[in-house]
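Residue numbers (the numbering used here): 568 to 796.
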């Protein structure tokens, strides 16, 4: 049976929203603008989805005006990061376009854009085919192109690493990795922005060496986390 992922949005009765991929989510994370209360029924983001293609791993800026996600639609070769913008959080997004500065002939997946729109993490096997690592790109202004992604060496492993998300202060990062055999949630910290990350460790109380955990979202101060298991 062929499964296809598409982007959907649900609203929260107490002022919040979540964007995620369904039904065949692969390896990425959800994007949550968190509140508390029951979720409304999910609705497809029709302006972003494309029939017969995989569209998943959405991430939005803090103002909800820019979204990035990965897709295998043309002109992507192996799966690339696409982006779309809108002028108001209540309006539909514009037509998605590939982010050429982030693209390669390899598979790019699980992009995560910072709230200010100036830092973006993604998973890619561009340097080691079959071994997905974390890469980071930056830009000085949201009107400028992204820098060429660089591999985050201190977080790398011989297994798949993806779905990286920094906390708002830039001093902690959470990501999914299969370095211990199953997909687990790991984190690393650093003393200041711009410094290398410390040694990655399993997230206490969440990472189980037998059960897989993935597709996480964590709030700005790392006090709330959503994930699948």
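Beta carbons: idealized from backbone N, C-alpha and C, even for Gly.
Margin query: With DSSP as the reference, identify every bridge partner of residue 632, one or two as the case may be.
Written below: Paired residues: none, contrary to the question.
Next item on the list: Give the single residue among 608, 614, 711 and 723 whose Cα lies nearest to the Cα of residue 763.
Entry: 723
Next item on the list: Buried or exposed for residue 690, please, with buried defined as at least 16 other CB atoms from any protein chain shown within 10 angstroms of its CB.
Entry: buried
Checklist line | Residue span of the beta strand (DSSP E) that contains residue 732, given as start and end | finding: For residue 732, the uninterrupted beta strand (DSSP E) run begins and ends at 728–733, by DSSP.
Checklist line | Residue interval of the beta strand (DSSP E) (run including residue 650) | finding: 647–652
Check: What is the DSSP secondary structure of residue 720, reduced to helix, strand or coil?
Finding: helix
Next item on the list: Determine the burial state of residue 772: buried for a count of at least 16 other Cβ atoms within 10 Å of its Cβ, exposed for fewer.
Entry: exposed
Check: CA-CA distance, residue 659 and residue 681?
Finding: If you take the alpha carbons of residue 659 and residue 681, they lie about 21 Å apart.
Item checked: Candidates 683, 621 and 655, of which the one nearest residue 708 by Cα -> Ranking the options by Cα distance to residue 708, first place goes to 683.
Next item on the list: Count the other C-beta atoms from every protein chain shown that fall within 10 angstroms of the C-beta of residue 676, then say buried if there are 16 or more, exposed otherwise.
Entry: Result: buried.
Margin query: I'd like to know whether the C-beta atoms of residue 781 and residue 795 end up nearer to each other than 8 Å.
Written below: Taking a C-beta distance under 8 Å as the contact criterion, residue 781 and residue 795 qualify as a contact pair.
Next item on the list: Sort 753, 678 and 672 by Cα distance to residue 695 and report the nearest one.
Entry: Shortest Cα-Cα distance from residue 695 to any of 753, 678 and 672 involves 672.
Note to self: Just to confirm before moving on: does the CB-CB distance between residue 836 and residue 777 stay below 8 Å?
What the structure shows: Not covered by the structure: residue 836. The range shown for the chain is 568 to 796.
Check: From what residue to what residue does the beta strand (DSSP E) around residue 679 run?
Finding: 675–680
Item checked: Separation of residue 649 from residue 621, as counted between CA atoms -> 12 Å
Note to self: In the DSSP assignment, the beta strand (DSSP E) including residue 770 goes from what residue to what residue?
What the structure shows: Where residue 770 is concerned, there is no enclosing beta strand (DSSP E), given that its DSSP letter is neither H nor E.
Checklist line | Counterpart residues of residue 704 in DSSP-defined beta bridges | finding: Under the DSSP definition of a beta bridge, residue 704 partners with 687.
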